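Structure record follows, encoded as structure tokens.
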Amino acid sequence: MTTLFIILEVAGMALAKIGAAIGSSIIVLGASYGISKIGATALESMARQPESAGDIRSSMVISAALIEGVSFFAIIICALVILL
Amino acid sequence: MIKGFLYTTLLTIGLFTVSSVKAEDSINNAIDSLQDTTHITPKAEFNAGDFIFDHVGDAHDWHIMTVGDYNISIPLPIFLYSKTRGKFYAFFSSKFHHGHSSFKDFKLITEGELKGKIAEIDSQGDVITASLPIDLSLKKNGAAIIFSCILLSVLFISVANSYKKRPESAPKGFQNLIESFVLFVRDDIAKPSIGEKHYNRFMPFLLTIFFFIWINNMIGLIPIFPGGANITGNIAVTMVLAFFTMVVIFINGNKHFWKHIFNSPGVPVFLKLPIPVMPVVELASWIIKPAVLMIRLFANMLAGHMIAMVLFGLIFIFGAVNIYFGFTISIVSILLAVFMSILELLVAFIQAFVFTMLSALFLGMAVTEHN
């Protein structure tokens with residue numbers, strides 16, 4: 003009985019780590035999907051109208067940084083799960 | 007004048023290092039190195055976690071390098087208030103000898119849960135874990151911030167003086183460089199977000215956070231002293247920056263701003279009274295906006311430093327298995343680390359730009375007038 007509890011306890015910690023690792027890979031999927039959509043449409047619109055390339059480039063960088071900010075928020079939570 | 011200033015700073019820093027190997031200290035160091043050799047365990051195990059977190063974290067002295075068994079580090083002042091004894095203590099961190107000796111019943115803990123903290127020891131030499139002393143010491147990040155503040159002041163005051171000395175002529179040299187960045191902040195960040203009428207009020211604040219974040223990010227990438235302290239990757243520093251943004255937004259918010267938070271038009275009354283759902287949600291959103299700024303900058307900078315440390319740590323991890331593995335992986339590792347550092351230079355600018363841009367956007371939202 004006690005060995006079962008010990009195994010469950012160890013497995014619990016391992017489950018948390020697996021959860022954090024899988025969560026972080028899902029975050030990467032979401033963030034890269036979003037930023038790739040921004041990059042693709044930005045490139046298309048820069049090709050359509052080259053004189054507004056500068057404006058589009060700065061808007062692209064800002065939107066990418068905002069999405070990255072959200073993903074870093076979630077990454078910090080995964081890091082907290084592993085470390086605390 | 008700047009040369010004299012820089013020479014004085016270099017001299018003071020040189021005095022610090024010299025003082026750490028003064029005559030009496032050298033005797034203490036000799037005794038300590040004898041003790042070290044008895045304490046030392048063979049370093050076959052390379053602890054990657056410790057390697058990474060010791061680099062990106064804070065410390066009570068500024069460690070430069072370890073030559074064999076001897077640590078070369080710059081001691082920093084430690085200020086402690088002991089709650090059990092009710093007294094205030096101030097001394098240099100060299101008294102702790104990197105955690106090997108205790109001083110005035112204080113000890114720097116190097117292992118375990120309280121790692122990196124200073125704790126009191128009782129008469130038997132055991133650590134009192136019940137209450138830790140209040141630690142107000144100037145740690146590595148604090149000393150690095152002081153250095154970067156001095157650097158920023160020297161740079162920008164010299165630029166301001168060159169404007170005063172030659173008021174009607176074209177800018178040249180360093181003044182030219184700073185002017186292009188200031189105009190970038192004004193024309194691409196402040197004016198579009200805040201509008202023509204109010205942007206001038208906020209230019210000092212926006213310029214301060216832009217250059218503070220950018221230059222501190224870049225100083226953090228320099229591996230040798232005085233760079234290399236992970237300042238903007240410390241959540242306390244970014245919390246203060248985001249807190250300043252929040253304070254400036256709340257102080258400068260006009261009547262429309264507060265009206266939209268507490269009594270937003272178009273929202274039915276049952277969401278505002280008797281239980282104020284919408285006001286709480288709106289107020290929380292204006293606290294969360296600066297908090298996200300804090301997390302974005304902190305996580306970006308911390309992640310960049312950790313990636314570089316992991317790549318370098320790979321060399322030692324592989325080297326622990328077989329020294330020739332370590333040599334082979336070091337080529338790949340160094341190339342990757344150089345590439346990541348170039349990316350980090352770009353990220354340093356982008357993060358400063360995004361922080362300033364979002365602060366300007368929030369300020370614009372706070373001061374717009376509705377017709």
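Protein chains in written order, with the numbering used here: chain E, 3 to 86; chain P, 7 to 377. We treat Cβ as the ideally placed atom computed from N, Cα and C, and that holds for glycine. None of the values given here were measured: they were computed from a predicted structure.
Any chain E beta carbon closer than 8 Å to residue i
i, result
"P:D42", "With a pLDDT of 48 at P:D42, under the threshold of 50, the predicted position of this residue should be treated as unreliable, though the coordinate-derived value follows. No, because no Cβ of chain E sits closer than 8 Å to the Cβ of P:D42."
"P:I237", "no"
"P:N2", "In the structure displayed, chain P extends from 7 to 377; residue 2 of chain P sits before or after that span and is not available."
"P:M363", "yes"
"P:I356", "yes"
"P:R192", "no"
"P:V360", "yes"
"P:R91", "no"
"P:I301", "yes"
"P:V298", "yes"
Alpha carbon of residue i to alpha carbon of residue j, nearest angstrom
i, j, result
"P:K101", "P:L120", "19 Å"
"P:I228", "P:S143", "24 Å"
"P:N126", "P:G92", "First, the residue type needs correcting, since residue 126 of chain P is Glu and not Asn in the sequence shown. Their backbone Cα atoms lie some 13 Å apart in a straight line."
"P:P210", "P:N182", "18 Å"
"P:H204", "E:K19", "50 Å"
"P:H262", "P:I313", "45 Å"
"P:S168", "P:T214", "19 Å"
"P:I134", "P:Y76", "29 Å"
"P:I80", "P:H69", "6 Å"
"P:C155", "P:I293", "27 Å"
"P:L40", "P:F59", "Residue confidence for P:L40 is low, a pLDDT of 49 falling below 50, so the modelled location carries little weight and cannot support an answer."
"P:A166", "P:M300", "30 Å"
"P:F109", "P:K9", "39 Å"
"P:A297", "P:T251", "10 Å"
Backbone secondary structure at residue i - three-state DSSP
i, result
"P:H376", "coil"
"P:H69", "strand"
"P:K113", "strand"
"P:L120", "coil"
"P:A96", "strand"
"P:I281", "coil"
"P:D56", "helix"
"P:S365", "helix"
"P:S25", "Low local confidence applies: a pLDDT of 45 at P:S25 is under 50, so the model's placement there is unreliable, and no value is given."
"P:E350", "helix"
"P:I46", "For P:I46, the predicted model reports a pLDDT of 42, less than 50, meaning its position is unreliable and no value from the coordinates is stated."
"E:I24", "helix"
"P:E288", "helix"
"E:I84", "helix"
"P:N306", "helix"
Pair within 8 Å by beta-carbon distance, residue i and residue j
i, j, result
"P:V353", "P:G325", "no"
"P:K171", "P:I140", "no"
"P:T362", "P:V246", "no"
"P:L82", "P:S99", "yes"
"P:P282", "P:A150", "no"
"P:A196", "P:A343", "no"
"P:A380", "P:K146", "Given that chain P is displayed from residue 7 to residue 377, the structure contains no residue 380 of chain P and the question cannot be resolved."
"P:L308", "P:G239", "yes"
"P:T116", "P:G105", "yes"
"P:V373", "P:I200", "yes"
"E:I40", "E:S73", "no"
"P:I335", "P:L320", "yes"
"E:I77", "E:S26", "yes"
Closest by C-alpha distance to residue i, when choosing among the options
i, options, result
"E:V63", "P:V373, P:L369, P:S339 and P:L364", "P:L364"
"P:F97", "P:D75, P:G118 and P:D67", "P:D67"
"P:G118", "P:D56, P:Y205 and P:S154", "P:D56"
"E:E70", "P:M315, P:R302 and P:M284", "P:R302"
"P:G332", "P:F345, P:L317 and P:M346", "P:L317"
"E:S60", "P:A372, P:F368 and P:I356", "P:I356"
"P:D458", "P:H376, P:E375, P:V360 and P:T374", "Outside the shown range of chain P, which is 7 to 377, sits residue 458 of chain P, and nothing can be said about it."
"P:F217", "P:F162, P:A176, P:I257 and P:I267", "P:F162"
"P:F304", "P:D75, P:G63 and P:N53", "P:G63"
"P:M346", "P:S270, P:N306 and P:H104", "P:N306"
"P:L289", "P:I267, P:S175 and P:D75", "P:I267"
"P:W220", "P:I84, P:V373, P:M371 and P:L351", "P:L351"
"P:F180", "P:S164, P:E174, P:P173 and P:I78", "P:S164"
CB contact check: residue i to chain P, cutoff 8 Å
i, result
"E:G36", "no"
"E:M15", "no"
"E:V30", "no"
"E:G71", "yes"
"E:I78", "yes"
"E:I24", "no"
"E:V83", "no"
"E:I40", "no"
"E:I8", "no"
"E:A33", "no"
"E:A67", "yes"
"E:I58", "no"
Near the ligand PLP: residue i beta-carbon under 7 Å from a heavy atom
i, result
"P:V344", "As presented, the structure is devoid of all ligands, the ligand PLP included, so that no description of it is given."
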